[in-house]
Every structure is written in C-alpha cells, then in structure tokens.
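Peer 1:
Spelled out as structure tokens, the structure:
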C-alpha cells in the first residue's frame, strides 16, 4: 500500500495532509477505461468538526489524527 500523502521537505520534515487523516473521506468515480469498479478522484471531504470539501494533499488542519476513515468504521 505504501505511504500516501507524506511530502518530504528538505528530507527532514514531513508534512501531514488530509488524505492521511482519520476524518478524511475519499471520493471515487466510476472507471470507464476497461476496468469494472471505481477509482479515486483527487477530492474528498472532512467530517470533523463539520463537513467540508478537501483535496487529498491539502495541508492538515489542527484536528489532524493519523489513520483512515475505514479503520474507524470497523
């Protein structure tokens, strides 16, 4: 699966992004390119403290908690 959303700046500092937060819900679109299923689009929304649109690589806000929305639901 790899590391998603970690940008390395000067190889010393990691930047936290929305796609790494447990409050971020990824949006998907139907894939019409020969595959059956869905693919990630470069958008989603944040659920905390209220719902708002976010891009995957938006710099994380003060409510950032590392994890994924799917982990929270199980």
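Residue numbers (full-length UniProt numbering): 1 to 74.
A virtual CB, placed ideally from N, CA and C, is assigned to each residue, including glycine.
1. Could you give the DSSP three-state label for residue 12: helix, strand or coil?
2. In its own chain, which residues sit with a C-beta less than 6 Å from the C-beta of residue 67, not counting the 5 before and 5 after it?
3. Look at the alpha carbon of residue 34 and the alpha carbon of residue 40, and state the distance between them as a whole number of angstroms.
4. Can you list, in chain order, the residues of its chain with a C-beta nearer than 7 Å to that of residue 56? Leave out the 5 residues immediately preceding and following it.
5. So residue 44 is in the beta strand (DSSP E); what residue range does that whole segment cover?
Peer 2: According to the data block:
1. Below a pLDDT of 50, predicted positions are generally treated as unreliable, and residue 12, at 48, falls in that range; the measurement from the model is reported next regardless. Three-state result, residue 12: coil.
2. Counting only Cβ-Cβ distances below 6 Å, and skipping sequence neighbours, we find 22.
3. Cα-Cα distance, rounded: 16 Å.
4. The beta carbon of residue 56 is closer than 7 Å to those of 5, 17, 18, 19, 42 and 44 in its chain, skipping five residues each way along the sequence.
5. Unbroken beta strand (DSSP E) run through residue 44: 38-46.
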